[in-house]
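Peer 1: My questions will all concern the structure given below.
There are 2 protein chains.
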Amino acid sequence: MATAAARAAIGDSEFDRDTAVVPRADEPGTYDIDLSAGWTIIAAVNGGYLLAVLGRALRDALPHPDPLTITAHYLTASQPGPAVIRTQTLRAGRTMSTGQASLYQTDEQGREVERIRVIAGYGDLSALPDDVRTSATPPAMPSYADCVSSDDAPDDGPVTGSTAILERLDLRLDPATAGWAIGMPSGAGDMRGWLGLADGRDHDPLSLLLAVDALPPTAFDLGLKGWTPTLELTVHLRAVPAPGPLRVALTTRNLAGGLLEEDAEVWDSADRLVAQARQLARAPRG
Amino acid sequence: MATAAARAAIGDSEFDRDTAVVPRADEPGTYDIDLSAGWTIIAAVNGGYLLAVLGRALRDALPHPDPLTITAHYLTASQPGPAVIRTQTLRAGRTMSTGQASLYQTDEQGREVERIRVIAGYGDLSALPDDVRTSATPPAMPSYADCVSSDDAPDDGPVTGSTAILERLDLRLDPATAGWAIGMPSGAGDMRGWLGLADGRDHDPLSLLLAVDALPPTAFDLGLKGWTPTLELTVHLRAVPAPGPLRVALTTRNLAGGLLEEDAEVWDSADRLVAQARQLARAPRG
Chain X
1 MATAAARAAI GDSEFDRDTA VVPRADEPGT YDIDLSAGWT IIAAVNGGYL
51 LAVLGRALRD ALPHPDPLTI TAHYLTASQP GPAVIRTQTL RAGRTMSTGQ
101 ASLYQTDEQG REVERIRVIA GYGDLSALPD DVRTSATPPA MPSYADCVSS
151 DDAPDDGPVT GSTAILERLD LRLDPATAGW AIGMPSGAGD MRGWLGLADG
201 RDHDPLSLLL AVDALPPTAF DLGLKGWTPT LELTVHLRAV PAPGPLRVAL
251 TTRNLAGGLL EEDAEVWDSA DRLVAQARQL ARAPRG
Chain V
287 MATAAARAAI GDSEFDRDTA VVPRADEPGT YDIDLSAGWT IIAAVNGGYL
337 LAVLGRALRD ALPHPDPLTI TAHYLTASQP GPAVIRTQTL RAGRTMSTGQ
387 ASLYQTDEQG REVERIRVIA GYGDLSALPD DVRTSATPPA MPSYADCVSS
437 DDAPDDGPVT GSTAILERLD LRLDPATAGW AIGMPSGAGD MRGWLGLADG
487 RDHDPLSLLL AVDALPPTAF DLGLKGWTPT LELTVHLRAV PAPGPLRVAL
537 TTRNLAGGLL EEDAEVWDSA DRLVAQARQL ARAPRG
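Chain order of the listed sequences is X and V.
So the first sequence is residues 1 to 286, counted in the numbering used here.
So the second sequence is residues 287 to 572, counted in the numbering used here.
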């Protein structure tokens, strides 16, 4: 983890650099990006990182800054390297706008292949009224100091392949949901942890899109091993996160027909529920 | 409620008639429909009915029959009357395909206005493997006979305007979540009920899209009155429902910034979790 002196700020961090999209001057609403290899896990580019990339393009294309609700369908596997994002504005209202974005890469035959399609409603989180009437409570979990880092894990855990993303996260798992790393999953289908960015950048609405898909999959806690490909991921951003690490709690209540849902709740240091997400994923065979 | 003798079958019911889409012979993937006034509530066409209409068009356009995950963004208010649906196939795989659909109506100036945009992943629910590992349990609620019908409600409840949809539903609310009808909301943000179709048609995957948005809004149980417009609704279908009425449980855990999420779980008569849904809606001012 970065020292306080070297702490990255929002706008000047690994996350900001690797999600930066470059608008094409001659094609309004079209953006180029070089997808970073720094956010891969196993053999794939992390789905939350990809969602943040598309979220940043829509943030530029739409008149409102924050994704209030954003849904991604993962069509084909993205690879590190060049990609183009095409956006479309569907509706621009006073308090909310709706847009669509697709990310494409060129395959070995030179054909453009769509990787992800996103549809989202954007607004301004900081302009929302102050009313909060919530019955939701933060997840019960140990303090940051009492949670475990991937540095503590043995080398023969269920993840084989790239773990590049772990170097960019400051992730501490609740020991109650980390037993899978030593072959003792709880079986409950839960995953909880503290989540910061390794370079010390605080969270903002865009990095919340990463946060909802940054923990190990709940399938590991169910005793399953292998890849859990996301078919669809929907995120609701509910508030601008306060500085400091987030608490992220994932739950799977229904694995059936080879599919599972993964529900995510993200809480900030001020005990505010800042994001809710749900994804439908294919369960690992293992 | 229909008598057993007059019981409508799947394919031959009010719901099937009113969601029937007519493919244009000369425009593949384009469909016409006359949106029925029979599924309106207050001043609006019900969002679940509209989702079922779009779901039926995609069912025709895509190579797989069932929406495994479907997301709708409600852009402008639909009106009863003619509409056109345009679909696009994004990806057609062996076990799953992905498509997009938009519903348009013509405004008073003769311009085509987009009402709803949907993106969905389709598969074949009856071809999924049989494995079920679920920790979810059906909602605790009284039997159908001990729940209350809208016929039991006083005339001065919070709903003013059309209640046409209620004539097409066989809806019985858990009395614990029906107090709002007599000015005594629980404040918890819950809504639970048994849900059939009034003409006796059993549920199928398409009518589950209606079911997730057919109960009164949880806002009523929070003591709020008025319209709760859906911004975005995502539904995951997890199994083909068994015959008989469904149990639908809605929960709101976070009302903040003028927005609320409404989570829906739908259980069939065989105690199987057949659908999970979440919507982001604007909270009523009242």
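Beta carbons: idealized from backbone N, C-alpha and C, even for Gly.
Classify G110 (chain X) as helix, strand or coil using the three-state DSSP reduction.
Peer 2: G110 (chain X): coil per DSSP, three-state reduction.
Peer 1: By the DSSP assignment, the alpha helix (DSSP H) with D488 (chain V) in it spans what residues?
Peer 2: Unbroken run through D488 (chain V): none, as it is neither H nor E.
Peer 1: Closest to V248 (chain X) by CA distance: which of X:A256, X:S143 and X:A164 is it?
Peer 2: Among X:A256, X:S143 and X:A164, the Cα nearest to that of V248 (chain X) is on X:S143.
Peer 1: Residues in the same chain with beta-carbon distance under 6 Å from S102 (chain X), minus the five sequence neighbours each way, listed in chain order, please.
Peer 2: Only R86, E114 and R117 meet the Cβ criterion.
Peer 1: Can you find a C-beta in chain V that's less than 8 Å from the C-beta of V132 (chain X)?
Peer 2: With 8 Å as the cut-off, V132 (chain X) counts as an interface residue toward chain V.
Peer 1: Please identify the residue among V:R310, V:D485 and V:A426 whose C-alpha is closest to the C-alpha of L459 (chain V).
Peer 2: Of V:R310, V:D485 and V:A426, the residue nearest in Cα terms is V:A426.
Peer 1: Cβ of L206 (chain X) less than 8 Å from any chain V Cβ?
Peer 2: Judged by the 8 Å Cβ criterion, L206 (chain X) is not in contact with chain V.
Peer 1: Measure from the C-beta of M1 (chain X) to each C-beta in chain V and report whether the shortest distance is under 8 Å.
Peer 2: Unreliable placement is indicated for M1 (chain X), whose pLDDT of 47 sits below 50; the coordinate value is still reported in the next sentence. Answer no: the Cβ-Cβ gap between M1 (chain X) and chain V never drops below 8 Å.
Peer 1: Beta-carbon separation of D34 (chain X) and P67 (chain X) under 8 Å?
Peer 2: Cβ distance not < 8 Å, so D34 (chain X) and P67 (chain X) don't count as in contact.
Peer 1: For E265 (chain X) and L501 (chain V), what's the separation of their Cα atoms in angstroms?
Peer 2: Distance between the alpha carbons of E265 (chain X) and L501 (chain V) is about 25 Å.
Peer 1: Step through the CB atoms of chain V and report whether any lies within less than 8 Å of the CB of I119 (chain X).
Peer 2: By this cut-off, I119 (chain X) is an interface position.
Peer 1: Near A164 (chain X), what residues of its chain come up, given a Cβ to Cβ distance below 8 Å and the 5 sequence neighbours on each side ignored?
Peer 2: So the list reads A37, G38, W39, T40 and I41, once near-sequence residues are dropped.
Peer 1: What residues in its chain sit with their C-beta under 7 Å from that of P243 (chain X), if we drop five residues either side in the sequence?
Peer 2: Closer than 7 Å at Cβ, skipping near neighbours: D202 and S269.
Peer 1: Drop a sphere of 10 angstroms on the beta-carbon of P297 (chain V), count the other beta-carbons inside from all chains shown, and report buried for 16 or more, exposed for fewer.
Peer 2: According to the sequence displayed, residue 297 (chain V) carries Gly and not Pro. By the neighbour-count rule (16 or more Cβ atoms within 10 Å), G297 (chain V) is not buried but exposed.
Peer 1: Once DSSP output is grouped into helix, strand and coil, what is the label at P185 (chain X)?
Peer 2: In the structure shown, P185 (chain X) sits in coil (DSSP, three-state: anything other than H, G, I, E or B).
Peer 1: How would you label V308 (chain V), buried or exposed, when you count the other beta carbons within 10 angstroms and need 16 or more for buried?
Peer 2: It is exposed - the Cβ of V308 (chain V) has fewer than 16 other Cβ atoms within 10 Å.
Peer 1: Give a yes or no on whether 8 Å exceeds the smallest Cβ distance from H489 (chain V) to chain X.
Peer 2: Answer no: the Cβ-Cβ gap between H489 (chain V) and chain X never drops below 8 Å.
Peer 1: Let me know the secondary structure DSSP gives T384 (chain V) once reduced to three states.
Peer 2: Strand.
Peer 1: According to DSSP, is P531 (chain V) helix, strand or coil?
Peer 2: Correct three-state label for P531 (chain V): coil.
Peer 1: Helix, strand or coil for T163 (chain X), going by three-state DSSP, please let me know.
Peer 2: Here T163 (chain X) sits in coil by DSSP.
Peer 1: Would you decide whether G333 (chain V) is buried or exposed? Buried here means 16 or more other CB atoms lie within 10 Å of its CB.
Peer 2: The residue is buried, with at least 16 neighbouring Cβ atoms inside 10 Å.
Peer 1: When the Cα atoms are used, what is the spatial distance from T381 (chain V) to Y74 (chain X)?
Peer 2: Roughly 15 Å between the two C-alpha positions.
Peer 1: With a CB to CB cut of under 7 Å and the five nearest residues on each side skipped, what residues in its chain are close to D410 (chain V)?
Peer 2: Same-chain partners within the cutoff: H350, P351 and D352.
Peer 1: How many angstroms separate the CA atom of V274 (chain X) from the CA atom of W466 (chain V)?
Peer 2: Taking the straight line from one Cα to the other gives about 29 Å.
Peer 1: Would you say Q287 (chain X) faces chain V, with C-beta separation under 8 Å as the test?
Peer 2: Only positions 1 to 286 of chain X appear in this structure, which leaves residue 287 (chain X) out of reach.
Peer 1: For the pair the segment 473-486 of chain V and the segment 335-346 of chain V, tell me if three or more CB-CB distances fall below 8 Å.
Peer 2: Result no; under three Cβ-Cβ pairs closer than 8 Å.
Peer 1: Just to confirm before moving on: does the CB-CB distance between R564 (chain V) and T504 (chain V) stay below 8 Å?
Peer 2: Not closer than 8 Å, so no.
Peer 1: Name the chain X residues that come within less than 8 Å of Q365 (chain V), Cβ to Cβ?
Peer 2: Per Cβ cutoff of 8 Å: no residues; Q365 (chain V) is ~17 Å from chain X at best.
Peer 1: With 8 Å as the threshold, decide whether the Cβ of A276 (chain X) is near any Cβ in chain V.
Peer 2: In the sequence as displayed, the identity of residue 276 (chain X) is Gln instead of Ala. Yes, contact with chain V.
Peer 1: Between V526 (chain V) and P491 (chain V), what straight-line distance do the alpha-carbon atoms span, to the nearest angstrom?
Peer 2: Going from the Cα of V526 (chain V) to the Cα of P491 (chain V) covers about 6 Å.
Peer 1: Taking only three categories from DSSP, how would you classify L361 (chain V)?
Peer 2: Coil at L361 (chain V), not helix or strand.
Peer 1: Any heavy atom of the ligand HEM inside 7 Å of the beta-carbon of T230 (chain X)?
Peer 2: The ligand HEM is not part of the structure shown, which contains no ligands of any sort.
Peer 1: N540 (chain V) bridges to which residues according to DSSP?
Peer 2: X:T134.
Peer 1: Mind checking Q105 (chain X): buried by the 16 CB within 10 Å criterion, or exposed?
Peer 2: With 16 or more Cβ atoms within 10 Å of its Cβ, Q105 (chain X) is classed as buried.
Peer 1: How about S186 (chain X) and L166 (chain X): are their beta carbons less than 8 Å apart?
Peer 2: Not in contact: S186 (chain X) and L166 (chain X) (Cβ atoms no closer than 8 Å).
Peer 1: Name, please, each residue of chain X whose Cβ falls closer than 8 Å to the Cβ of G544 (chain V).
Peer 2: Simply L128, P129 and D131.
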